[in-house]
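Taking it in order: structure first as structure tokens, then the write-up.
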Amino acid sequence: MKSNKPYTGFEVAIIGLSCRFPGANTWRKFWENLTHARESFRALSDEEMRAAGAPEEAIADPTFIRRVPDLTGKDTFDASFFDYTPDEAGMLGPQNRIFHECVWEAFEDAGYVPDEVKGLVGLYGSASNDMNWRIFAKMANQEQRITDFLLKHISDKDFLPPMISYKLNMRGASMNLGSACSSTLVGIHLACRALIFGEVNVAAAGGAFISTDKQFGYRHEEGSILSSDGHCRAFDKDSSGTIIGEGAGAVILKRLVDAQKDGDHIYAIIKGSAVNNDGGRKIGLTAPSVEGQAECIKMAQRFARVKADSIRFIETHGTGTSLGDMIEIAGLNAAFGEQEHRIPLGSVKSNIGHLDTVAGLAGLMKATLSLKYKQLPASLHFNEPNPMVDFKAGPFYVNKELQTIESIGTQPLRAGVSSLGVGGTNAHTILEEAPALEQSKEGRPFKIFTLSAKTKRSLQTYVDKL
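Note that this note's numbering has the sequence shown beginning at 75, numbered continuously upward.
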């Protein structure tokens, strides 16, 4: 990694990743899908539509969008691992179950057991309000398989982080965060601040958005945010909206100086981040704001002590709605101004859809892996720019194919990640490539590689994965 300036001391290292995204139950599969330009949705047959509960008029309607996210494992959970009884696990919502597992898998990826970490471990989580599941759980518990008091706690998203902290004995701050679509990137921002100010020694941040409704697609309505053809075509002339995905994930964070001292594997560095709100500077509550986004981006750059001309690529919010795309590019143009080099843009929503509260985490994970592998995946379904989007006023263009990315001059490789919440809460994060590792000595020709698990069956599963 190139560097012409020392670190500020406020950097945070990303040392662990986990995800359950459409088409990918691991971050490695997620990256493979991105680099192979795969869209992780599937079209349903008539038989699948009927099995999902679709009405016959929807099946017969050729304009009905019969596409659903390709997410598996919503109905599975290792209850005994987290010390839940079968009755408790049966009332635990799918969002809660999967996020439990993602937090553990992220720590596992980082090489840590939460209970054995020296110091305070915090958890900053987000989940969507699942009234559908809460009603189901209330009805299913009429025979009082568990107490109503416990039912409220294990079916409500607000208790999700404290529950996981209790089960994994994590004694740092544990909080549920909600700012709509920007929730998980806001959570990562707050986790970084807690690490910088010494409130926690290690932090997990992430969230879950899992649907418990019957899924068989949707009927497009003119003026809605949903795409007319079942594809998210961010910034394209044929864009007509987004498509809703599902997913969950978590990252493990540590102050860079501590991660280097402890010999942790570092995926990338969070150089700086910022959060703000648009206030009343927009046409409506759910509309974005040029000024608010530009101010958030500039604030993140100031905190990171980097200049706009050192940013090599941007992972956008990129919903594919005409108004949203137009205003997002206007905000980026206002923040970056004229640059000598062109800056590619991407939107992971073109691959996995809009993940609601998890959207920011998905974008950050894509950008993190891009820095790790020094490759920028294509933003799918882009052919020609939307004429309403003013690309001529700034240095940006949409990346249409997998490309190798290199740093600019003597600067380390850097990226920006944006996430914009309905209601106006903007989040922007500056990422930087991980520091170069010193080459270790060759050592012995054979090395011991240890695996551990609670049961022999689980141990064999790890061996099979390897």
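Think of the CB as a built atom: it goes at the ideal place given N, C-alpha and C, for glycine as much as any other residue.
Practice problem: Quick one: residues in its chain with C-beta nearer than 7 Å to the C-beta of Thr-82, no 5 flanking neighbours on either side, listed in chain order? | Solution: As a working mapping, residue 82 is identified with position 8 in the sequence shown. Around Thr-82: Arg-379.
Quiz item: Quick one, which of Ile-417, Ala-128, Glu-131 and Val-142 has its alpha-carbon nearest Ile-317's?
Solution: Against the sequence shown, residue 317 aligns to sequence position 243. Minimum Cα distance to Ile-317 is reached at Val-142.
Quiz item: What residue does the beta strand (DSSP E) around Val-422 start on, and which one ends it?
Solution: The residue you call residue 422 lines up with position 348 of the sequence shown. Run containing Val-422: none; DSSP gives neither H nor E here.
Practice problem: Report back the beta-carbon spacing between Ile-426 and Gly-495 to the nearest angstrom; my notes put them in contact at under 8 Å. | Solution: The residue labelled residue 426 in the question sits at position 352 within the sequence shown. The residue labelled residue 495 in the question sits at position 421 within the sequence shown. Going by Cβ atoms, the distance from Ile-426 to Gly-495 rounds to 18 Å, so no, they are not a contact pair.
Quiz item: Taking C-beta to C-beta, are Leu-419 and Thr-390 nearer than 9 Å?
Solution: Residue 419 sits at position 345 when you count from the first residue of the sequence shown. Residue 390 sits at position 316 when you count from the first residue of the sequence shown. Going by C-beta atoms, Leu-419 is nearer than 9 Å to Thr-390.
Quiz prompt | N-terminal and C-terminal residue of the alpha helix (DSSP H) that His-174 is part of | solution = If you number the sequence shown from 1, residue 174 lands on position 100. First-last of the alpha helix (DSSP H) with His-174: 168-184.
Quiz item: Since Pro-362 and Gly-411 are thought to touch, with beta carbons under 8 Å apart, how far apart are those beta carbons, to the nearest angstrom?
Solution: Here the question's residue 362 lines up with position 288 in the sequence shown. Here the question's residue 411 lines up with position 337 in the sequence shown. Not really, about 20 Å apart at Cβ, beyond 8 Å.
Quiz item: Among Asp-430, Lys-345 and Trp-178, which has the Cα closest to the Cα of Asp-204?
Solution: Taking the sequence shown and counting its residues from 1, one reaches residue 204 at position 130. Measuring from the Cα of Asp-204, the nearest candidate turns out to be Asp-430.
Quiz item: Which residue's Cα is closest to the Cα of Ala-278: Glu-512, Ala-132, Ala-87 and Asp-303?
Solution: The residue labelled residue 278 in the question sits at position 204 within the sequence shown. Ala-278 has its Cα closest to that of Ala-87, out of Glu-512, Ala-132, Ala-87 and Asp-303.
Quiz item: Comparing the CB of Leu-525 with every heavy atom of the ligand NAP, is any distance shorter than 8 Å?
Solution: For the ligand NAP, the structure offers nothing, since it holds no ligand at all.
Exercise. Tell whether a beta-carbon distance below 9 Å holds between Phe-115 and Ala-436.
Key: For the purposes of this step, residue 115 is taken as the residue at position 41 of the sequence shown. For the purposes of this step, residue 436 is taken as the residue at position 362 of the sequence shown. Contact: no.
Quiz item: Expressed to the nearest angstrom, what Euclidean distance is found between the alpha-carbon atoms of Ile-417 and Gly-490?
Solution: By one-based count along the sequence shown, residue 417 stands at place 343. By one-based count along the sequence shown, residue 490 stands at place 416. Each residue's alpha carbon lies about 11 Å from the other.
Quiz item: At which residues does the alpha helix (DSSP H) containing Cys-370 begin and terminate?
Solution: Residue numbering aside, residue 370 sits at position 296 when the sequence shown is read from its first letter. 364-378 is the span of the alpha helix (DSSP H), which, as asked, contains Cys-370.
Quiz item: Among Val-432, Ala-308, Met-244 and Ser-200, which has the Cα closest to the Cα of Leu-251?
Solution: Working through the sequence shown from its first residue, we reach residue 251 at position 177. Of Val-432, Ala-308, Met-244 and Ser-200, the residue nearest in Cα terms is Ser-200.
Exercise. For Ile-482, I'd like the list of residues in its chain whose CB is within less than 8 Å of its CB, leaving aside the five on either flank, ordered along the chain.
Key: Locating residue 482 in the sequence shown gives position 408, where the first residue counts as 1. So the list reads Asp-383, Ser-384, Arg-386 and His-415, once near-sequence residues are dropped.
Quiz item: When you compare each of Asp-303, Val-195 and Tyr-240 to Glu-273 by their alpha carbons, which one comes out closest?
Solution: Taking the sequence shown and counting its residues from 1, one reaches residue 273 at position 199. For Glu-273, the nearest C-alpha among the options comes from Val-195.
Quiz item: Pick from Arg-245, Ser-248 and Lys-423: whose alpha carbon is nearest that of Arg-307?
Solution: Within the sequence shown, residue 307 is the residue found at index 233, counting from 1. Comparing Cα positions, the closest option is Lys-423.
Practice problem: Could you tell me the boundaries of the alpha helix (DSSP H) in which Thr-524 lies? | Solution: Counting from one through the sequence shown, the residue named residue 524 turns up at place 450. Per DSSP, Thr-524 belongs to no alpha helix (DSSP H) and is neither H nor E.
Quiz prompt | Nearest-angstrom Cα separation, counted from Gln-289 out to Lys-226 | solution = Counted from its first residue, the sequence shown places residue 226 at position 152. Counted from its first residue, the sequence shown places residue 289 at position 215. Roughly 26 Å between the two C-alpha positions.
Practice problem: Go ahead and label Gly-498 buried or exposed: buried means 16 or more other beta carbons lie within 10 angstroms of its beta carbon, across all protein chains shown. | Solution: On the sequence shown, position 424 is the one that residue 498 refers to. When all chains shown are included, Gly-498 counts as buried.
Practice problem: Within its chain, find whatever has a CB closer than 6 Å to the CB of Thr-146; leave out the 5 residues flanking it on each side and keep chain order. | Solution: As a position in the sequence shown, residue 146 is number 72, starting the count at 1. So no residue of the chain qualifies.
Practice problem: Go ahead and pull the three-state DSSP assignment for Met-249. | Solution: Reading the sequence shown from its first residue, position 175 is the one you call residue 249. In the structure shown, Met-249 sits in a strand (DSSP, three-state: E or B).
Quiz item: For the beta strand (DSSP E) that Gly-281 lies in, which residues bound it at each end?
Solution: Locating residue 281 in the sequence shown gives position 207, where the first residue counts as 1. Counting along the chain, the beta strand (DSSP E) containing Gly-281 begins and ends at 276-283.
Quiz prompt | Nearest residue (CA-CA) to His-174, options Met-373, Ala-409 and Phe-283 | solution = Against the sequence shown, residue 174 aligns to sequence position 100. That would be Phe-283, whose Cα lies nearest to the Cα of His-174.
Quiz prompt | Own chain partners of Ala-527 with C-beta closer than 7 Å, once the 5 adjacent residues on each side are dropped | solution = Taking the first residue of the sequence shown as position 1, residue 527 is located at position 453. If we look at Ala-527 and ignore the five residues flanking it on each side, its Cβ neighbours are Leu-533 and Tyr-536.
Quiz item: Curious, which full-length beta strand (DSSP E) runs of at least 3 residues does the stretch 334-363 contain?
Solution: 342-351
Practice problem: Rank Leu-438, Ile-522 and Phe-456 by C-alpha distance to the C-alpha of Leu-505 and give the top, closest one. | Solution: The residue you call residue 505 lines up with position 431 of the sequence shown. That would be Leu-438, whose Cα lies nearest to the Cα of Leu-505.
Practice problem: Return the chain-ordered list of same chain residues with a C-beta closer than 8 Å to the C-beta of His-263, the five sequence neighbours on each side being excluded. | Solution: Numbered from 1 along the sequence shown, position 189 holds the residue referred to as residue 263. Same-chain partners within the cutoff: Ser-347, Ala-348, Val-349, Ala-501 and Thr-503.
Quiz item: How about Met-463 and Ile-403: are their beta carbons less than 9 Å apart?
Solution: Position 389 of the sequence shown, counted from the start, is the residue given in the question as residue 463. Position 329 of the sequence shown, counted from the start, is the residue given in the question as residue 403. Correcting the residue type first, residue 463 is Val in the shown sequence and not Met. Their beta carbons are under 9 Å apart, which means Val-463 touches Ile-403 by this criterion.
Quiz prompt | Start and end residues, beta strand (DSSP E) containing Gly-97 | solution = Along the sequence shown, one-based indexing puts residue 97 at 23. Element bounds for Gly-97: n/a, residue is neither H nor E.
Quiz item: Within the chosen definition, does the stretch 230-250 reach the stretch 465-480 through at least 3 CB pairs nearer than 8 Å?
Solution: no
Quiz prompt | Opposing strand residues paired with Ile-88 [DSSP bridges] | solution = Here the question's residue 88 lines up with position 14 in the sequence shown. According to DSSP, which records beta bridges pairwise, Ile-88 is partnered with Leu-327 and Ala-342.
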